[in-house]
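Novice:
Residue numbers (the UniProt record's numbering), protein chains in the order written: chain A, 1 to 383; chain B, 1 to 383; chain C, 1 to 383.
#1: Which runs of the alpha helix (DSSP H) spanning at least 4 residues fall entirely within the region 347-375 of chain B, listed in chain order?
#2: Can you pull the chain C neighbours of residue 16 of chain A, defined as C-beta to C-beta under 7 angstroms?
#3: Assuming the contact rule is C-beta atoms closer than 8 angstroms, residue 290 of chain A and residue 368 of chain A should be a hit. Round their C-beta distance to whole Å, please.
#4: Using a Cβ-Cβ distance under 8 angstroms, would residue 153 of chain B count as near chain A?
#5: So with CB distances below 8 angstroms, who are the chain A contacts of residue 289 of chain B?
#6: Below 8 angstroms, how does it come out for the region 25-45 of chain C and the region 342-355 of chain C: are there three or more Cβ pairs, yes or no?
#7: Between the Cα of residue 184 of chain B and those of B:157, B:255 and B:229, spot the shortest distance and give me the residue it belongs to.
#8: Of all the options A:93, A:251 and A:232, which has the alpha carbon lying nearest to the alpha carbon of residue 264 of chain A?
#9: Any idea what DSSP makes of residue 209 of chain C, helix, strand or coil?
#10: What separation, rounded to the nearest whole angstrom, lies between the Cα atoms of residue 299 of chain B and residue 280 of chain A?
#11: Using Cβ-Cβ distances below 9 angstroms, what residues of the region 307-323 of chain C are close to chain A?
#12: Just the C-alpha distance for residue 168 of chain A and residue 145 of chain A, rounded to the nearest angstrom, thanks.
#13: Contact criterion: CB-CB distance below 8 angstroms. Does residue 58 of chain C meet it with respect to chain B?
#14: What does the alpha-carbon distance come out to for the pair residue 110 of chain B and residue 24 of chain B?
#15: Which first and last residues belong to the alpha helix (DSSP H) in which residue 160 of chain B is found?
#16: Just verifying my parser: in three-state terms, what is the DSSP assignment at residue 39 of chain B?
#17: Counting only beta-carbon atoms, is residue 70 of chain A nearer than 8 angstroms to chain C?
#18: Is there a Cβ of chain A sitting closer than 8 angstroms to that of residue 300 of chain B, yes or no?
#19: Within the chosen definition, does the region 328-338 of chain B reach the region 86-105 of chain B through at least 3 CB pairs nearer than 8 angstroms?
#20: Is it right to say residue 19 of chain C is buried, meaning 16 or more other beta carbons lie within 10 angstroms of its own, or is it exposed?
#21: Pairing CB atoms from the region 300-312 of chain C with CB atoms from the region 69-77 of chain C, are three or more of them under 8 angstroms?
#22: Work out the CA separation of residue 269 of chain A and residue 164 of chain A for me, nearest whole Å.
#23: Where residue 61 of chain A and residue 283 of chain A are concerned, what is the direct C-alpha to C-alpha distance, given to the nearest angstrom?
#24: Which chain C residues are close to residue 250 of chain B, counting only those with a beta carbon under 8 angstroms from its beta carbon?
#25: Please check if any C-beta of chain B sits within less than 8 angstroms of the C-beta of residue 7 of chain A.
#26: In chain order, what residues of the same chain have a beta carbon less than 6 angstroms from the beta carbon of residue 219 of chain B, not counting five sequence neighbours either side?
#27: For residue 19 of chain B, name the three-state secondary structure that DSSP assigns.
#28: Kindly say whether residue 52 of chain C, judged by its beta-carbon, lies nearer than 8 angstroms to any beta-carbon of chain B.
#29: Mind checking if residue 441 of chain C is an interface residue toward chain A, Cβ cutoff 8 angstroms exclusive?
#30: What's the C-alpha gap between residue 432 of chain C and residue 103 of chain C?
#31: Of all the options A:328, A:209, A:371 and A:356, which has the alpha carbon lying nearest to the alpha carbon of residue 37 of chain A?
#32: Can you grab the Cα-Cα spacing for the pair residue 258 of chain B / residue 247 of chain C, in whole Å?
#33: Taking the alpha carbon of residue 158 of chain A as the reference point, which residue from A:188, A:200, A:137 and A:131 has its own alpha carbon closest?
#34: Applying the criterion that 16 or more other CB atoms from any shown protein chain within 10 Å of the CB defines a buried residue, is residue 238 of chain B buried or exposed?
#35: Would residue 217 of chain A pass as a contact of residue 147 of chain A if the rule is Cβ separation under 8 angstroms?
#36: Three-state secondary structure (DSSP) at residue 123 of chain B?
What follows is the structure, given as structure tokens:
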């Protein structure tokens, strides 16, 4: 993290040394990446990067060249060519080791439901990072696994519950991607068993691959709530399947209210550009939490502004840190480094303006960076 | 207000000395508050504050410890325990007197329709503040009073008009909370008399308590427009009953256009996080005004950013100051102090960048802080 | 542009000297303007400016007095009276010449479909600016011209295609105002020929004036896509006819996806306050571009903040500069001057913070200010 004259030095040091808990990340790519592959992995678009541009000409690209280049032994602001050449010379293992270690993350929760074959799993991540790595299980992936192994429509609900239990024996949380499989504007009530069988029949008849059947998606959420682990929701920006208008967290209000008596923490992930909406929900509902992960590394030099916008109406016990990184270890590294830098600048600014004490700044960065996740997920206590 | 090197000293002094007109506030609590009561009054959530957090860990909490502690004779950034202990020693009367006096508000419009029994009324507020206090009447409270005193469905509209007239003989404005009794997505046309009687029948049959009947809510708004006083709308953030998605001021466009010939000023209150939407409406429609009250004290060290976002497309004659404070006098104090500080920093920044003259900054802060309210509500002229 | 200590001097100079390509503007007023006319032209409202305010009390008003006054030979922060008196003494021709020349725009794309009789056309604009001026044709204006010259319902589609082709022989782009003739929430699929004839019949029966028939608006868009020029969409803020809620670019997702195979660049104009939504679409879809024109001059001292908000998730190859100025040459001037100043401050800030190199800042300002438009519209190559 660059020294910054406006940040009190003690605060700067404490933030730099803080062992973060990344409550929502994915594995890193285990193999070397060509330029085309690398550029495709530093965008959320699934379209090929057009030949008249390079994805390096983006906030994320410039942040990689600024913050990751030195970790690989180059000067800051290296060229994309120099960067990728150096990356190739070091090899994926060494690149991953350096970037993950330098991120200072002390605990990872890894969500394993997306293209798991292309990235490291939890145990390989634990090996390369040297810190505890635990799992978050994607509900839709479990359902697709149930369908793939053969199940009847009538037997789907029971089999799903059984497999969910097996798959989450040592998991720390669940995740749903209803935001981009349907939209957050779903009927919030739990479906009746007969509706679930019927919906399972419809879906299985289509082959039971990509689950986008609205009734089943709702059923998964309610089955997840019953399982009792903190439930993560993809919100806002972050997948090309998405209709962003239907990924506004305010659409979840009905479910949030119905689920309140269950007592399960609801974790709103990413949230850009609706992070103020998420902050409002976290203010009103004790079981709602949120983060601005993913957007931090994608907005690079602008991430300070986004982090600041998250520090408005939500109590500080309700905001978390995550990277949502998937693939290149640059994303894991930047998720942590840019977040530290943003917190140092924003909270440092509050202190410099006389609005907060240094002690308050340290307290908040510690809560948001690690303490809130440790409390919500029970980290450090056996799962 | 803390000295700030970027604010021209003359501007700083003028802003500090400006007698604000708070065009939408409520009374202060007249009795001592336990810690549990106090924490519950510094959140918009109606859920109990969970035992694993304190509501002091919020922007509002830190702003209280920063700006109110010195008014009670403590150092800035006192601990919550020290603050509440000092508050208890001084007693509610002295705390109220100190915080209200130090806020430098010169004129209050007090909305009296919410839990009026728990807070000071207009005359008690005038006594403790030593400045003029006038009333804004909540339409829904008048309707509920009409129902409570006995009325037939057929007689409702006439009786409501009569009681509204009595209750507002010396009032300065009206207020509607249709945003959280229904949502701003109501049919904007005035209902027919027969529809009103029918709706009154439905509502009175349920007991005539909390008014959330959409036809009656619309009728109240049109009856309010006919009464001819400036009409305040709750907008955006600020009540746990609220579906925030349905509190976007853009939903009011139909009513704004239908009401334009009536000539009544429409005052959009609070507006967070839709304050840019409100600014757009205030730009296009001569009879639309807005403020960012409530959000100022709830966002503490971030209130500068919100105030800046209000100074975009709306002409400066269309923006007002309010606190929307209810209960602890800390909220009244912070509403004023943080707004002054934000205006000093934001307008001072425009001056320091060479974009505005100091004279322009003084002109705008005077308009927004008092002049616009004086013009719209006719303050200083007999009601 | 004012010197600013935080902007590296080399960057400052390069930005000041950059010949901008304004990819969406209109002509300037060719005649002298009274105070009433001038005030009415510096607001997007079509309501008369109320007598209790002046439109000069706005960000745009203060920006005119700050940045345009010196170009007319006055001190910055002149009074409105002094400014308008000086403007009258110089006369419209000299005012236009000075303000347009000082803007440093090197290439204009002029959209000619709005009150063309009151402003200079492309060739007069080329004469007064001394730089290339090319045309963007408004689809709805072509349709209204077709109706005005007489056409049958059955013949409408063919005649429209023919006239569109004639009118765009040397044009660089097309424009649609479906946002304020209907809203962006239209059925994205191309209508069938029979539907088009039927809709043309309905519209022509009403006189064929202001085109707001949804089926025809859709047909125009699809006919425009077939014509193959970059297609500009009015988005967000900027016309009093507008229901801002229905001008959110996220509503265009269906059309964007259907149109993707056509290969025509879709240019989202203005976008305030939905510019982050536009940036998201430009991130995901290779054929989507956006700008923050119009809002830059209307927000004056706040334009830095808006420009910064555009530099988040969209790759830098997808953002453009425009002024959307219409009428007073002050708007053309400020569109350019405030944008340069904002880019200098924002990118200069990234450099000063160590996040970007100066070379990256120069690269991005050159892409956004001119290069992206040159590539998309093929500027410099015969149309």
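For glycine and all other residues, C-beta sits at the position ideal for the given N, C-alpha and C.
Specialist: On the basis of the coordinates in this document:
#1: 358-366
#2: Working through the first chain from its first residue, we reach residue 16 of chain A at position 16. Ordered by position in chain C, no residue passes the 7 angstroms Cβ test against residue 16 of chain A, which lies about 15 angstroms from the chain.
#3: Here residue 290 of chain A corresponds to residue number 290 of the first chain, with the count starting at 1. Here residue 368 of chain A corresponds to residue number 368 of the first chain, with the count starting at 1. With a Cβ gap of about 11 angstroms, residue 290 of chain A and residue 368 of chain A do not count as contacting.
#4: The residue you call residue 153 of chain B lines up with position 153 of the second chain. Not closer than 8 angstroms to any Cβ of chain A, the Cβ of residue 153 of chain B fails to qualify, so no.
#5: As a position in the second chain, residue 289 of chain B is number 289, starting the count at 1. Simply none; closest approach about 22 angstroms.
#6: no
#7: Walking along the second chain from the start, residue 184 of chain B turns up at place 184. Closest by alpha carbon: B:255.
#8: By 1-based counting over the first chain, the position of residue 264 of chain A is 264. Nearest C-alpha to residue 264 of chain A: A:232.
#9: Position 209 of the third chain, counted from the first residue, corresponds to residue 209 of chain C. In the structure shown, residue 209 of chain C sits in coil (DSSP, three-state: anything other than H, G, I, E or B).
#10: Residue mapping note: residue 299 of chain B aligns to position 299 of the second chain, counting from 1. Residue mapping note: residue 280 of chain A aligns to position 280 of the first chain, counting from 1. If you take the alpha carbons of residue 299 of chain B and residue 280 of chain A, they lie about 11 angstroms apart.
#11: 308, 309, 311, 312, 313, 314, 315, 316, 317 and 318
#12: Against the first chain, residue 168 of chain A aligns to sequence position 168. Against the first chain, residue 145 of chain A aligns to sequence position 145. Each residue's alpha carbon lies about 14 angstroms from the other.
#13: Locating residue 58 of chain C in the third chain gives position 58, where the first residue counts as 1. Residue 58 of chain C counts as touching chain B.
#14: The sequence position of residue 110 of chain B within the second chain is 110, counting from 1. The sequence position of residue 24 of chain B within the second chain is 24, counting from 1. Answer to the nearest angstrom: the Cα atoms are 6 angstroms apart.
#15: Here residue 160 of chain B corresponds to residue number 160 of the second chain, with the count starting at 1. Looking at the DSSP string, the run of the alpha helix (DSSP H) that includes residue 160 of chain B is 156-167.
#16: Here residue 39 of chain B is taken as the residue at index 39 of the second chain, counted from 1. Reduced to three states, the DSSP call for residue 39 of chain B is helix.
#17: Locating residue 70 of chain A in the first chain gives position 70, counting from the first residue. No, residue 70 of chain A lies away from the interface with chain C (no Cβ there is under 8 angstroms from its Cβ).
#18: Position 300 of the second chain, counted from the first residue, corresponds to residue 300 of chain B. Yes, its Cβ sits closer than 8 angstroms to a Cβ of chain A.
#19: yes
#20: By 1-based counting over the third chain, the position of residue 19 of chain C is 19. By the neighbour-count rule (16 or more Cβ atoms within 10 Å), residue 19 of chain C is not buried but exposed.
#21: no
#22: The residue labelled residue 164 of chain A in the question sits at position 164 within the first chain. The residue labelled residue 269 of chain A in the question sits at position 269 within the first chain. Cα-Cα distance, rounded: 21 angstroms.
#23: To locate residue 61 of chain A, count along the first chain from 1; it is residue 61. To locate residue 283 of chain A, count along the first chain from 1; it is residue 283. Those two C-alpha atoms are separated by around 34 angstroms.
#24: Within the second chain, residue 250 of chain B is the residue found at index 250, counting from 1. Ordered by position in chain C, the residues that pass the 8 angstroms Cβ test against residue 250 of chain B are 243, 244 and 245.
#25: Looking up residue 7 of chain A in the first chain gives position 7. Chain B, which has no Cβ nearer than 8 angstroms to the Cβ of residue 7 of chain A, makes this no.
#26: Translated into the one-based positions of the second chain, residue 219 of chain B becomes position 219. Hits under 6 angstroms: 191 and 196.
#27: To locate residue 19 of chain B, count along the second chain from 1; it is residue 19. Residue state, collapsed to three classes: coil.
#28: Mapped onto the third chain, residue 52 of chain C falls at position 52. Output row for residue 52 of chain C: interface = yes.
#29: With chain C running from 1 to 383 in the structure shown, residue 441 of chain C is simply not present.
#30: With chain C covering only 1 through 383, there is no way to say anything about residue 432 of chain C.
#31: By one-based count along the first chain, residue 37 of chain A stands at place 37. That would be A:328, whose Cα lies nearest to the Cα of residue 37 of chain A.
#32: Here the question's residue 258 of chain B lines up with position 258 in the second chain. Here the question's residue 247 of chain C lines up with position 247 in the third chain. Cα to Cα, residue 258 of chain B sits roughly 21 angstroms from residue 247 of chain C.
#33: Stepping through the first chain from its first residue, residue 158 of chain A is reached at position 158. Among A:188, A:200, A:137 and A:131, the Cα nearest to that of residue 158 of chain A belongs to A:200.
#34: Locating residue 238 of chain B in the second chain gives position 238, where the first residue counts as 1. Label assigned to residue 238 of chain B: buried.
#35: To locate residue 217 of chain A, count along the first chain from 1; it is residue 217. To locate residue 147 of chain A, count along the first chain from 1; it is residue 147. No.
#36: For the purposes of this step, residue 123 of chain B is taken as the residue at position 123 of the second chain. In the structure shown, residue 123 of chain B sits in a helix (DSSP, three-state: H, G or I).
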